[in-house]
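J.: Below is a structure I'd like to ask you about.
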Amino acid sequence: MIWRNYLPRLRRFWRVSLQFRTVAITVILSSLAVGVIGAYMSVSIGSNLFSSRRDQINAEAARANLIAQQLFDAAPTTDDTNPVELQTLGVNVQNAVSSSTTSPGGTDIALLRTQGQPLTPQSLQPTSSRNFPDEVVTPEMREQVAGSPGRVLLQSVELPNAAPGIVAGSQLTVSNAGSYELYLVYDLSDAQRTLGFVQQTLFLGGLALVALIGGVTYIVVRLVVGPVRLAAATSEKLAAGELEVRIPEKGEDVIATLARSFNGMADSLQQQITKLAELSRLQQRFVSDVSHELRTPLTTIRLAGDVLYDQRENFPPATARTAELLHTQVQRFEVLLADLLEVSRYDAGAVELEVEPTNLVRLVEDAVDSMSALADERGNNLRVVAPGGYFEAEVDARRIRRILRNLLGNAVEHGEGRPIVVTVDSNATAIAIAVRDYGIGMTAADALKVFDRFWRADPSRQRTIGGTGLGLAISLEDAVLHEGWLEVWSESGRGTCFRLTLPRVRGVPIATSPIDLPPAEPVVELEDADA
Amino acid sequence: MHALPLGVSNSKTGTMTARILVVDDDTALAEMIGIVLRTEGFEPIFCADGSGAFAAFMDSKPDLVLLDLMLPGKDGIQVCAEIRAESGVPVIMLTAKSDTSDVVRGLESGADDYVVKPFNPKELVARIRTRLRPTPSGVTDTLQIGDLDVDVPGHEVRRGSAKINLTPLEFELLLALALKPQQVFTREMLLEQVWGYHYKADTRLVNVHVQRLRAKVEEDPDNPRIVMTVRGVGYRAGSSG
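Printed below as a string of structure tokens:
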């Protein structure tokens, strides 16, 4: 349960923290190494301890056998020896053997008569020291001991108190009393304790070593990661616009080089940005100055032209026509200037949206109304189809009106007198306006260029409404400023459809447009049926 | 400071033509505007720089001021504030910029209306005529709006016995609301009725002037009782009494 909570966090930490990863890998690998070494040492020390103890026991048992045999030999027993004397001899032998071993208290002794031998005139009762663990001497061992006189046999056993032990067995011969087996049981728990102590020391030492390695790695990684982290934090600040942040440069090492090159980069970035900001500021100033400087004389010209135009009836025909031309061309100049200024304002990034709640359906209807006189003149039937969009959208109404004026103007100009359908619809994320004409259309290649400045579909084509060639470029900028889309579909002979899609709520990205592009064709039928 | 002259003193007599002070540093434009104004029957007076504009205003006592926003010496916004401190005479700004901040600053300094260069003569004259037209006289002589008394023929607004000085534009705005206390006015309606725009114009004109009006007539402008906001629609008069 707790694992389930911690595991993802640990995994994330692993992914995120280089420091954690490095320390973890180091600790795991060094634990493996220390573990292997420790295990090897523990095993080899253990086997060494055991074999040296066994050799010692072997030698001791042989000596004990020798002493016992000598004692028996020194007291030759005859057929009529008193059994009590013989018994005393057995006890003497037992004592002598006991005192000859290195660990007197720890060794148990048993003297057993070998089974299956013919009856002898005398016999020694089996004797054993107190607490002799009879069960450790197995019948198999006794058989082996009986079958190999003059040799000491050793066998590892488990003592009744669960300690490891060794039983040493050898054969004795007592004259007139047959052969006997001498068993010595040695307790190895002292060796076991030594081994345990060594293992514990190894384990604790290994643990300390791993912890030490982990700590050292942590510190080293920190030394290296620290500056990198600082560099990352500093570049984040730099990206956020704090152009004056720098990394402190200390020393001559690779970290200092990193700091120096980073600071160099920051310096040049700051210079570039300051320069660009200055350029942009100059550009905006220029736009503003041009705006004033050009508009004032243009206003004078306009006023003069209009005064002349108003009196043209009093002029001779040539002068009257001149006044008319002056009037219309000044107007055209004015529109062009306004568009140019708008474009340069966009280029300088000096535009701001003035959003207000606007009912786009009503706005579209207004725009269509103001265009209907011109459309009627061309025989276009302007229609609004609005399945959706009846709510207040947060848009800059002036800019949307301007986009619509451009799109409608284009549609009327290139619509060949056929119907023009304006569709308004909305969905969860967006509201869209599409202007569809069934006029001459364009090739796909041309459609790609419609938003280019001063681009004309066909230079020879007569311009009657008289756009500046900047209208669609500005419309696109207006749409982008709203975080919206302005797209076109067109096909030669089938007409054109412009679709403007705006986010329903400011700042919430558009998922899909509510109107299809290329346009769904049933619109034509509906329109034809209505017309 | 003497009381603000309300109404249009010269034109009221009917014998004299309205005098218009044109403050513009571009002499060609000023002269051209002069020609247009004379053709329309106005009498233009000229001033070419900002620092002399206020003196020229005090000397000539014009009926209306056409004020360029960018002037040498002192900028148009300052000049406008100086004139407003002294008089309620209509001020129309001539601006080369349609940039939001300049227009709003101009309106906030007290200009009644603005015309963006390049303008045509008809547009300019229409704006001037709207500002010079006499206030439509109501059927009643005195109206109530909130706790204010509006004396229509006398062009006076009082709260109790205290007189509140309004410019003619502010008076007209208040009057428009007071004449139809039940009506909610959209910004477009007010633009048409008070400013004489018959097409969609800049609604900031209404917003800024409502603010200025409230600053004068409301006891607490943040919590208006006279000029009420109807959210999403526009404004209406506060109930009287």
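Residue numbers (the working numbering), protein chains in the order written: chain A, 1 to 531; chain B, 1001 to 1241.
Glycine included, each C-beta is placed from N, C-alpha and C at the ideal position.
Here's a check: name, in chain order, each residue in its chain whose Cβ is nearer than 8 Å to the Cβ of residue 12 (chain A), leaving out the five neighbours to either side.
T.: Along the first sequence, one-based indexing puts residue 12 (chain A) at 12. Hits under 8 Å: none found.
J.: From the DSSP output, in three-state form, read off residue 55 (chain A) for me.
T.: Along the first sequence, read from residue 1 onward, the residue named residue 55 (chain A) stands at position 55. Residue 55 (chain A): helix per DSSP, three-state reduction.
J.: With 8 Å set as the bound, which would you pick, yes or no: does the beta-carbon of residue 357 (chain A) sit closer than that to a beta-carbon of chain B?
T.: Counting from one through the first sequence, the residue named residue 357 (chain A) turns up at place 357. Cβ-Cβ to chain B under 8 Å: yes for residue 357 (chain A).
J.: Is it the case that the Cβ atoms of residue 180 (chain A) and residue 130 (chain A) are separated by a distance below 8 Å?
T.: Position 180 of the first sequence, counted from the start, is the residue given in the question as residue 180 (chain A). Position 130 of the first sequence, counted from the start, is the residue given in the question as residue 130 (chain A). Cβ distance not < 8 Å, so residue 180 (chain A) and residue 130 (chain A) don't count as in contact.
J.: Ordered along the chain, which non-local residues of its own chain (more than five positions away) have a Cβ less than 6 Å from that of residue 1074 (chain B)?
T.: Looking up residue 1074 (chain B) in the second sequence gives position 74. Answer for residue 1074 (chain B): 1050 and 1051, listed in chain order.
J.: At what residue ranges does the segment 1073-1106 of chain B contain a whole run of the alpha helix (DSSP H), taking only runs of 4 or more?
T.: 1076-1086
J.: If the cut is a Cβ gap below 7 Å, which residues of chain B does residue 299 (chain A) touch?
T.: For the purposes of this step, residue 299 (chain A) is taken as residue 299 along the first sequence, with counting starting at 1. Neighbours of residue 299 (chain A) on chain B, chain order: 1029, 1117, 1118 and 1119.
J.: Under 7 Å between beta-carbons, which chain B residues line up against residue 334 (chain A)? List them in chain order, please.
T.: Counted from its first residue, the first sequence places residue 334 (chain A) at position 334. Going along chain B in sequence order, the residues near residue 334 (chain A) (Cβ under 7 Å) are 1118.
J.: On the CB-based measure, 16 or more other CB atoms within 10 Å of its CB, does residue 171 (chain A) come out buried or exposed?
T.: Stepping through the first sequence from its first residue, residue 171 (chain A) is reached at position 171. Answer is buried; the Cβ neighbour count reaches 16.
J.: So residue 1080 (chain B) packs on residue 1064 (chain B), CB below 8 Å; how close in whole Å?
T.: Sequence index remark: in the second sequence, residue 1080 (chain B) carries index 80 (1-based). Sequence index remark: in the second sequence, residue 1064 (chain B) carries index 64 (1-based). Contact doesn't hold; Cβ gap of about 13 Å is too wide.
J.: Under 7 Å Cβ-Cβ, which residues of chain A neighbour residue 1032 (chain B)?
T.: The residue given as residue 1032 (chain B) occupies position 32 in the second sequence. In chain order: 300, 303 and 304.
J.: How would you list, in chain order, the residues of chain A whose beta-carbon sits under 7 Å from the beta-carbon of residue 1126 (chain B)?
T.: As a working note, residue 1126 (chain B) is residue 126 in the second sequence. Residues of chain A passing the Cβ test: none, with the nearest at roughly 13 Å.
J.: Quick test of your reading: residue 166 (chain A) and residue 182 (chain A), contact by CB under 8 Å. State the CB separation rounded to the nearest angstrom.
T.: Locating residue 166 (chain A) in the first sequence gives position 166, counting from the first residue. Locating residue 182 (chain A) in the first sequence gives position 182, counting from the first residue. With 8 Å as the limit, residue 166 (chain A) and residue 182 (chain A) do not qualify as a contact, their Cβ atoms being about 14 Å apart.
J.: When you check each C-beta in the segment 307-330 of chain A against every C-beta of chain B, which residues fall closer than 7 Å?
T.: 307
J.: Check whether the segment 13-30 of chain A touches the segment 207-222 of chain A, counting contact only when three or more Cβ pairs, one atom from each stretch, lie closer than 8 Å.
T.: Yes, since at least three Cβ pairs between the segment 13-30 of chain A and the segment 207-222 of chain A fall closer than 8 Å, the two stretches touch.
J.: Verify the CB distance criterion: does residue 1147 (chain B) have a CB-CB separation below 8 Å to chain A?
T.: Taking the first residue of the second sequence as 1, we reach residue 1147 (chain B) at position 147. False, the Cβ-Cβ gap to chain A never drops below 8 Å.
J.: In chain A, what lies closer than 9 Å to residue 1035 (chain B) by C-beta?
T.: The sequence position of residue 1035 (chain B) within the second sequence is 35, counting from 1. The contacting residues are 303, 304 and 307.
J.: Count the other CB atoms, across all protein chains shown, that sit within 10 Å of the CB of residue 147 (chain A); report buried if there are 16 or more and exposed otherwise.
T.: Against the first sequence, residue 147 (chain A) aligns to sequence position 147. So residue 147 (chain A) counts as exposed.
J.: Could you check whether the Cβ of residue 1088 (chain B) sits closer than 8 Å to any Cβ belonging to chain A?
T.: In the second sequence, the residue the question calls residue 1088 (chain B) occupies position 88. Not an interface residue.
J.: If we define contact as Cβ-Cβ less than 8 Å, is residue 1076 (chain B) a contact residue for chain A?
T.: In the second sequence, the residue the question calls residue 1076 (chain B) occupies position 76. False, the Cβ-Cβ gap to chain A never drops below 8 Å.
J.: Using a Cβ-Cβ distance cut-off of 8 Å, determine whether residue 1154 (chain B) contacts chain A.
T.: The residue given as residue 1154 (chain B) occupies position 154 in the second sequence. Output row for residue 1154 (chain B): interface = no.
J.: Does DSSP put residue 1159 (chain B) in a helix, a strand or coil?
T.: Position 159 of the second sequence, counted from the first residue, corresponds to residue 1159 (chain B). It is a strand residue.
J.: Using the Cα positions of residue 227 (chain A) and residue 8 (chain A), report the straight-line distance between them to the nearest angstrom.
T.: For the purposes of this step, residue 227 (chain A) is taken as the residue at position 227 of the first sequence. For the purposes of this step, residue 8 (chain A) is taken as the residue at position 8 of the first sequence. About 28 Å.
J.: According to a CB-to-CB cut-off of less than 9 Å, which residues of the segment 1221-1232 of chain B neighbour chain A?
T.: 1232
J.: Beta strand (DSSP E) containing residue 431 (chain A): first to last residue?
T.: Here residue 431 (chain A) is taken as the residue at index 431 of the first sequence, counted from 1. Looking at the DSSP string, the run of the beta strand (DSSP E) that includes residue 431 (chain A) is 430-437.
J.: Can you round the beta-carbon distance between residue 302 (chain A) and residue 330 (chain A) to whole angstroms, since I take them to be within the 8 Å contact cut?
T.: Locating residue 302 (chain A) in the first sequence gives position 302, where the first residue counts as 1. Locating residue 330 (chain A) in the first sequence gives position 330, where the first residue counts as 1. Rounded, the Cβ-Cβ distance is 5 Å, consistent with contact.
J.: When burial is assigned at 16 or more other CB atoms within 10 Å of the CB, is residue 38 (chain A) buried or exposed?
T.: For the purposes of this step, residue 38 (chain A) is taken as residue 38 along the first sequence, with counting starting at 1. Label assigned to residue 38 (chain A): buried.
J.: List, in chain order, every chain A residue whose beta-carbon is nearer than 9 Å to that of residue 1026 (chain B).
T.: In the second sequence, counting from the first residue as 1, residue 1026 (chain B) sits at position 26. Result: 296, 297, 299 and 300.
J.: Run through DSSP, which three-state label would residue 5 (chain A) get?
T.: Here residue 5 (chain A) is taken as the residue at index 5 of the first sequence, counted from 1. Three-state DSSP puts residue 5 (chain A) in a helix.
J.: Report the rounded CA-to-CA distance for residue 105 (chain A) versus residue 71 (chain A), giving the unit in angstroms.
T.: Against the first sequence, residue 105 (chain A) aligns to sequence position 105. Against the first sequence, residue 71 (chain A) aligns to sequence position 71. With a pLDDT of 49 at residue 105 (chain A), under the threshold of 50, the modelled position of that residue is not reliable, and the figure given next carries that caveat. Approximately 22 Å between the Cα atoms of the pair.
J.: Beta-carbon within less than 7 Å of residue 1183 (chain B)'s beta-carbon, same chain only, minus the 5 sequence neighbours each way: which residues are those?
T.: Numbered from its first residue, the second sequence carries residue 1183 (chain B) at position 183. Excluding residues within five positions, the ones whose Cβ falls inside 7 Å are 1236.
J.: Look at the alpha carbon of residue 1092 (chain B) and the alpha carbon of residue 509 (chain A), and state the distance between them as a whole number of angstroms.
T.: Locating residue 1092 (chain B) in the second sequence gives position 92, where the first residue counts as 1. Locating residue 509 (chain A) in the first sequence gives position 509, where the first residue counts as 1. Rounded to the nearest angstrom, the two C-alpha atoms are 42 Å apart.
J.: Look up residue 1049 (chain B) in the DSSP assignment and say whether it is helix, strand or coil.
T.: As a first step, residue 1049 (chain B) must be located in the second sequence, where it is residue number 49. Residue 1049 (chain B): coil per DSSP, three-state reduction.
J.: Where do the N-terminal and C-terminal ends of the beta strand (DSSP E) with residue 107 (chain A) fall, by residue?
T.: Translated into positions along the first sequence, residue 107 (chain A) becomes position 107. According to the DSSP assignment, residue 107 (chain A) belongs to the beta strand (DSSP E) that extends over 107-113.
J.: Using C-beta distances below 6 Å, list every residue in its chain close to residue 1040 (chain B), excluding the 5 sequence neighbours before and after it, in chain order.
T.: To locate residue 1040 (chain B), count along the second sequence from 1; it is residue 40. Around residue 1040 (chain B): 1125.
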